[in-house]
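Novice: Residue 167 in the working numbering is what sits at position 33 of the sequence shown, and the numbering runs on without skipping anything.
First the structure, then my questions, so here it is.
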Amino acid sequence: MTSTQDPTPEARANVTEHNVETRADLLPEEQAAGSVDPEAQAAAILAESEERTLHPDADEGGHRTSEETV
Numbered sequence: 135m136t137s138t139q140d141p142t143p144e145a146r147a148n149v150t151e152h153n154v155e156t157r158a159d160l161l162p163e164e165q166a167a168g169s170v171d172p173e174a175q176a177a178a179i180l181a182e183s184e185e186r187t188l189h190p191d192a193d194e195g196g197h198r199t200s201e202e203t204v
């Protein structure tokens, strides 16, 4: 899932250099696909993830109840 909005400054601020360096070590499928800038890719992925953590309802319209998933 990707957001149509850029991560907030708050989300970006929560992404550490260590996390970026660790995430920049590409997974096998990412290596096969290639990446021009693994660190920039990692920073974007982590910021989007952090944004979803900080604002979980922004893209989904709220959490569904178990009755709604049946």
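Every residue gets a Cβ at the ideal spot worked out from N, C-alpha and C, and that includes glycine.
Here the structure is a predicted model, which means the values were calculated and not measured.
(1) Go ahead and pull the three-state DSSP assignment for L161.
(2) Could you check the C-alpha separation between S107 and P143 for me, to the nearest Å?
(3) Determine whether the beta carbon atoms of N153 and L180 lie at a separation below 9 Å.
(4) For the alpha helix (DSSP H) that contains Q175, what are its first and last residues?
(5) Can you tell which of E164, A176, L161 has its C-alpha closest to the C-alpha of T150?
Specialist: Per the coordinate set shown:
(1) coil
(2) Coverage of the chain is limited to positions 135 through 204, which leaves residue 107 absent and any answer about it impossible.
(3) yes
(4) 172-188
(5) A176
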